[in-house]
Each structure stands twice: as structure tokens, then as C-alpha cells.
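Participant: Pasting in a structure now, in C-alpha cells, and then I'll have a few things to ask.
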Amino acid sequence: MRQVYVKRAARQLLELYPDRFTTDFLHNRKVLDELLEVESKPLKNRIAGYLTSLMKQKAMS
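Residues in the sequence shown are numbered consecutively from 2, following our numbering.
Pasting the structure below:
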């Protein structure tokens, strides 16, 4: 999947559900299971990973 799609999906999810995501990758992956029906495991992992990095950046600032 294209990197642009992953980033766009992650940013939209973060805008809609800012309190649901943390800096923990496994937690974010479980939240994605609840919010989306992503068939592709690699795609879900990429979105969860990008969400995790966004949350870490947010925590640092």
C-alpha cells in the first residue's frame, strides 16, 4: 500500500479519535481492530506503527 494512504488514514483516525491512541503499538493495533475492518495485516501494522510514531512525537513536544 502507498505510504500516502497510510499517513492519511492515520491522521484522519487521530483527528476522529484522539483519546483512543497511545504510544504503545500493540494497544493501537487493538484499537484499529475495533474501529476498522482491515483485512491486510501488513496494512494494519503500518497504520498502527505510524499512529504510534505520531503519538510519540506529540508526547515529545
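Positions of the beta carbon are idealized from the N, C-alpha and C atoms, including for glycine.
1) V39 to K59, Cα distance in whole Å?
2) So, are the CB atoms of V110 and Y51 less than 9 Å apart?
3) Can the beta-carbon of L55 be found less than 9 Å from the beta-carbon of L36?
4) Suppose you measure from the CA of V7 to the CA of S41; what does that come to, to the nearest Å?
5) Whose C-beta lies closer than 7 Å to the C-beta of K45 among residues of the same chain, with five residues either side of it excluded?
Facilitator: Short version:
1) If you draw a straight line from the Cα of V39 to the Cα of K59, it comes to about 25 Å.
2) Here the chain has residues from 2 to 62 only, and residue 110 is not among them.
3) In this structure, L36 does not lie closer than 9 Å to L55 by Cβ.
4) For V7 and S41, the distance between alpha carbons rounds to 12 Å.
5) Residues R30, L33 and V39 of the same chain have their beta carbon placed closer than 7 Å to that of K45, with the five preceding and five following residues left out of the count.
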